[in-house]
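In order, the protein sequences belong to chains A and B. In terms of the numbering used here, the first sequence opens at residue 1 and continues consecutively. In terms of the numbering used here, the second sequence opens at residue 1001 and continues consecutively. Structure first, then comments.
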Amino acid sequence: MTSTDEQRKPRGRRPLDKHIHLAAHFPGVNNTTVWTDPRSRSQIDFASFEHLARTAERGLFDFFFLAEGLRLREHKGRVHDLDVVGRPESLTVLNALAAVTERLGLAATVNATFNEPYETARRFATLDHLSGGRAAWNVVTSSDAFTGENFRRGGYLDRADRYTRAAEFVATARELWDSWTPEGQPHPFAHTGRHFDIEGEFTLPRSPQGHPVVIQAGDSPEGREFAASAADVIFTRHGTLEAGRAFYADVKGRLAKYGRTAEDLKIMPGVTVVLGDTAAEAQERAAGIRRQQVSPQNALLTLEQVWGVDLSSYDPDGPLPDIDPVVGSGLSQGRTQRGDPLVVAEQWRALSRAKGLSIRQTVIETTTRQSFIGTPQAVAAELDEFVQSDAADGFILVPHLTPGGLDEFVDQVVPLLQERGVYRTEYTGTTLRSHLGLKEPVRPAREEGLTA
Amino acid sequence: MTTSTGRGLLHLAAAVDQPDTYDADPYLTLTRLAERGALDFVTLGDSFGRPGPDALAVLSRVAPATARIGLVPTVTTTHTEPFHVQAAVATLDWVSRGRAGWRPEVSATEEEARLFGRRAAAPAAELWGEAGEVADVATRLWDSWEDDAEIRDVATGRFVDREKLHHVDFQGATFSVRGPSIVPRPPQGHPVTVVDATQQHAYDVAARHADVALVNAAGPAQAAAVRAGLRRRAAEHGRDPDALRVLAALRIDLGGGEHAAVPGHGGGGPLPSDLGPLYRGGPVDLADLVAAWHRAGAVDGFHFTPVEPRRDLERLVNGTVPLLQHRGLFRTFYPGSTFREHLGLARPVNQYAALAGDPS
């Protein structure tokens, strides 16, 4: 991605400019986090969460985002040991963060496969009450029996069932959130569907946001449709401006059939940012970070995840193996598939041959997520360009350091976005919905009729 | 088996339940009040079957705004996932820096079962059997990370030593868990398990798994007998009975002035009520009652449930507690920082580390 000199110049806000939404992702348990850096601190201690959340709030971010872990990843039948591993339970951390922040939205990932609607709706409604309207729920699904071994449910759902269950799960949660009368009295609910058959009274009044914000992560066709029908925010990943614009047009184009408008769903890709005093310095830092993220051991492990066989005898600085992957070997568990291993392997080998890349260099090249690299001015201009050209409504920043990885961005880029007139200079509302410009959900009319 | 009586320093706790309260502030106010009184811990009840917020969430919200007091939410085990439950309790310990407890509870009604639609209501005895298994698997999962599992060894590129992470492979009657936990071992090793043994079916779970047991008693002699019985049963389960604190559960109504409204309440009482023994009177006479039970070696302390939360907790903290401190029966400050330290309980040895050299 490049920026012209014209774009780098601060300019006054034009009337039609969109405002940029920003969120912060606490670095997850994968090789994004550079734990070998001397500035790296605990991924568990509350002080780390407090630092990153306070930084995000200082930067006037919309929300703070936590991923979820339900089983430790395994490789070759043993717990994966190269990356940061171990994390606290998300909702509990966010309730604690509600005590040390005032406006920042608080988003937890909670799986719709290994939870039940009543309890999940209750936990999110509680967070919304305790935080004064700042709760968000990132709905994910899981299909693997590996994760299921930690739960009563045990096995897994077919891929198709994952999304029908998730959609019914969210719809049911919304019925519960709406179930009390406007006067604040419990009112019976009853839901009968394919996945859930439940009834009773919910334990909380309607929460400050009406409904906590619903986030959906994932790019699959089912995920896009689910997001278009039910989500307030979609957390995505796409590499280029063009890919972003195509995704944006596709997902926003699905909204009308659900009676929704483009403003009802915010598209926020997860991105990384690397800053430098010059473009060259930023590129150098970014390359250094990638080398730390993809250690020789990590490069071989990533390759083994695709090939499905032990490759420990290979030299990470040497060429890719010419043997074919073993499909469905189950060598690595608890990690998202990268697609058909045979296809991926052929693509990677072609890339390696064409550019003369070693194993480690190939892994670096093929696993890099969308990055904004440059001077603060250039990065501010690029972020703005992405949003103004409808490739995104904003970004979820994924720092590579815990917990100081957002400090530079907030100190150096946020003021430039404010100068450009595309970013808030203070919070104007108190709820996450107000930060995102989302309407408060309308209480179904049937509820009004039943309250007399 | 030891025959020691409950004559160490008293352990005092209070409930911070408040009806129709969904905001954080009223819970924070009461918890801070209890902390000003140097109480060991506060409890917050919970049930899926009645209005109220998630108790563990409320006390997580309270944690960063308090410093020393133990935090004990009720956590139900019937319709929840044991893996989620242990992770949330361990996380409360992380965010409170070693002040978490939990009070396992069951959901026995058909109404609660219909909220989930996964299983029918079951008899309390059966559900408490399951709750005991949840308590058991929780301690295994808390131990599934040894304390020094995180090594951050730059030379070998390894973040953790996987020899110190353990599958628990727990098989219960109604669930199984493979493990290990996603949450590293919490600061206290095991957050404190508080069991309400006033319920008949919870008695054995208390003897087996509780660090603190709450019991009902109308007088010191009865309390001493219940305490001795629990300690005996704990020993039968292979536990050191001195690692079990037995607190008398007492509802308190301190609205009646300085003295007990009911004659004989000062050093006697309390009176039975539908919700358990009730003391009604003033904070001074309550101090007399507590001192008398302590003299008799009847219990290790008291868990108070204020009838009118704000008023009664204030009178307890400003009236009863200073008198007990003056008599040298209760601490005047927190000498330790973790909830276990307040209770005088050791940090548990890791059951997997104890099997050193035996690969999991």
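By construction, the Cβ of each residue, glycine as well, lies at the ideal position given by its N, Cα and C atoms.
When the distance is taken between beta carbons, is residue 401 of chain A closer than 9 Å to residue 39 of chain A?
-> yes
Roughly how many whole angstroms lie between the Cα atoms of residue 252 of chain A and residue 1061 of chain B?
-> 37 Å
If we ignore side chains and look at the alpha-carbon of each, how far apart do residue 1144 of chain B and residue 1163 of chain B end up?
-> 11 Å
When burial is assigned at 16 or more other CB atoms within 10 Å of the CB, is residue 1303 of chain B buried or exposed?
-> buried
Where residue 1346 of chain B falls: helix, strand or coil (DSSP) | coil
Residues that residue 36 of chain A contacts on chain B, provided the C-beta gap is smaller than 7 Å | 1154
Can you say whether residue 240 of chain A is buried or exposed, counting buried as having 16 or more other CB atoms within 10 angstroms of its CB?
-> exposed
If contact means a Cβ-Cβ distance below 7 Å, which residues of the segment 144-173 of chain A contact chain B?
-> 149, 150, 151 and 152
For residue 221 of chain A versus residue 137 of chain A, is the C-beta distance shorter than 9 Å?
-> no
is_contact[residue 226 of chain A, chain B] using C-beta, thresh 9 Å | no
Ranges of the alpha helix (DSSP H) found wholly within the segment 198-272 of chain A, counting only runs of at least 4 = 221-230 and 241-253
Who are the neighbours of residue 295 of chain A on chain B, taking C-beta pairs under 7 Å?
-> 1157
Where does residue 190 of chain A sit, in a helix, a strand or coil, going by DSSP?
-> strand
Can you tell me whether DSSP reads residue 1086 of chain B as helix, strand or coil?
-> helix
In the DSSP assignment, find the beta strand (DSSP E) that holds residue 288 of chain A and state where it starts and stops.
-> Run containing residue 288 of chain A: none in the beta strand (DSSP E); it sits in the alpha helix (DSSP H), 279-293.
So with Cβ pairs under 9 Å, would you call residue 374 of chain A a contact of chain B?
-> no
Per-residue contacts from residue 1178 of chain B into chain A (C-beta, under 7 Å) = 149 and 150
Secondary structure at residue 409 of chain A, three-state DSSP: helix, strand or coil?
-> helix
In chain order, what residues of the same chain have a beta carbon less than 8 Å from the beta carbon of residue 1329 of chain B, not counting five sequence neighbours either side?
-> 1009, 1010, 1290, 1291 and 1294
Could you tell me if residue 449 of chain A is buried or exposed, where buried requires 16 or more neighbouring beta carbons within 10 angstroms of its beta carbon?
-> Caution is warranted here: a pLDDT of 42 is assigned to residue 449 of chain A, below 50, making its placement in the model unreliable, and no coordinate value can be reported.
What is the DSSP secondary structure of residue 1277 of chain B, counted as helix, strand or coil?
-> coil
Is there at least one Cβ from chain C nearer than 9 Å to residue 1160 of chain B's Cβ?
-> The question asks about chain C, but that chain is absent: this structure's protein chains are A and B.
Nearest-angstrom Cα distance between residue 1230 of chain B and residue 1203 of chain B?
-> 8 Å
Are the segment 58-65 of chain A and the segment 322-332 of chain A touching, with three or more C-beta to C-beta distances below 8 Å?
-> no
Figure out for me which residue from B:1109, B:1096, B:1185 and B:1125 has the closest Cα to the Cα of residue 1142 of chain B.
-> B:1185
Use the C-beta contact count for residue 295 of chain A: other C-beta atoms within 10 angstroms, 16 or more gives buried, fewer gives exposed.
-> buried
Unbroken stretches of the alpha helix (DSSP H), 4 residues or longer, contained in the segment 71-127 of chain A | 90-97
Start-to-end residues for the alpha helix (DSSP H) that takes in residue 25 of chain A | Here residue 25 of chain A belongs to no alpha helix (DSSP H); instead the beta strand (DSSP E) covers 21-25.
Kindly indicate which three-state DSSP category residue 1136 of chain B falls into: helix, strand or coil?
-> helix
Check whether the Cβ of residue 95 of chain A lies closer than 9 Å to any Cβ atom in chain B.
-> yes
Among the residues of its own chain, which have a CB less than 7 Å from the CB of residue 376 of chain A, if the five just before and after it don't count?
-> 275, 412, 413 and 416
Among A:391, A:148 and A:428, nearest to residue 242 of chain A - alpha-carbon criterion = A:391
Along the alpha helix (DSSP H) that carries residue 1216 of chain B, what are the first and last residues, could you check?
-> Where residue 1216 of chain B is concerned, there is no enclosing alpha helix (DSSP H), given that its DSSP letter is neither H nor E.
Residue interval of the beta strand (DSSP E) (run including residue 54 of chain A) | Taken as a continuous stretch (DSSP letters only), residue 54 of chain A belongs to no beta strand (DSSP E), being part of the alpha helix (DSSP H) at 46-58.
Contacts around residue 438 of chain A, its chain only, beta-carbon distance under 6 Å, and the 5 residues preceding and following it disregarded | 232
List in chain order: all unbroken beta strand (DSSP E) runs of 3+ residues lying wholly within the segment 1300-1341 of chain B.
-> 1301-1306
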